[in-house]
Amino acid sequence: MARGRKPDPDQEAKGYPNRRKSATRKREEEAERVAQLLVSSTSGDVLQPPAMIDQGPLYAGAVAVWREMAPRLARTHRLPEQHRMIFAMFCVYYADWVTLNDQLKQEGMTQRVKTVAGGFMIRDHPAVRRRQECFDNVMSLSKQFGLTPHDEYDLFKNQAGAAAMNPGLFGGALAVPQQRRAEADDELQPEAAPTGARVGMLADMDTPPPGQRPN
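Now the structure itself:
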């Protein structure tokens, strides 16, 4: 009678590499992995992309958006730690929109679909709808960070008001928003009426009508 194999006392420490994991255990490990991604997305260096989007080549576009825009948002107090996850979503949708736009450029806006009768009909490319969804999400999240001209002006105006009511709220460093707000106010000011030499030049052109001119 053959002897059974002696259990290896180190198997548990090794994670039982020779055993198949149950479906339940696989789901638990995946849930734990995702939980770690979420935790790392709300902490750490604000200028570094969080782990939830920094996961290799498939997310390279989102990482590029983060590295381009995060420093600017941080300088104007628009990217505190608790908002990193929302901005990460913006980066993903922004990168997806660019990818889908490039796909439609190469494959066209429509495609031929076979019908039940055996013929063909023209339908929108599936990427058209997905691109529109990404666009809507990008525009919605843009408002939260003041990433359109109108929203940026409103955000800086409200930010300056909050800082005035709560000294030290932003560390006493709101020079950039205030400067941008002042520039926007200057742009909205109506132009002054022409004076001096311009008025005199126009007066010289105002000659009397025929019959009333001096000889």
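Numbered according to our numbering, the sequence shown spans residues 839 to 1053.
We treat Cβ as the ideally placed atom computed from N, Cα and C, and that holds for glycine.
Residue i - containing alpha helix (DSSP H), residue span
i      : result
Pro987 : Pro987 to Met1003
Within 8 angstroms, strictly: CB atoms of residue i and residue j
i      : j      : result
Leu938 : Arg961 : no
Ala965 : Gln941 : yes
Leu993 : Gly999 : no
Ala908 : Leu917 : yes
Ala926 : Ile891 : yes
Ala861 : Leu885 : no
Gly899 : Val936 : yes
Exercise. Which runs of the alpha helix (DSSP H), 4 residues or longer, sit entirely within the stretch 896 to 970?
Worked result: 898 to 913 and 922 to 945
Specify whether the stretch 951 to 958 and the stretch 921 to 937 touch according to this definition: at least 3 beta carbon pairs, one from each stretch, less than 8 angstroms apart. no
Q | Cβ contact check for the stretch 928 to 938 and the stretch 969 to 980: 3 or more pairs under 8 angstroms | A | yes
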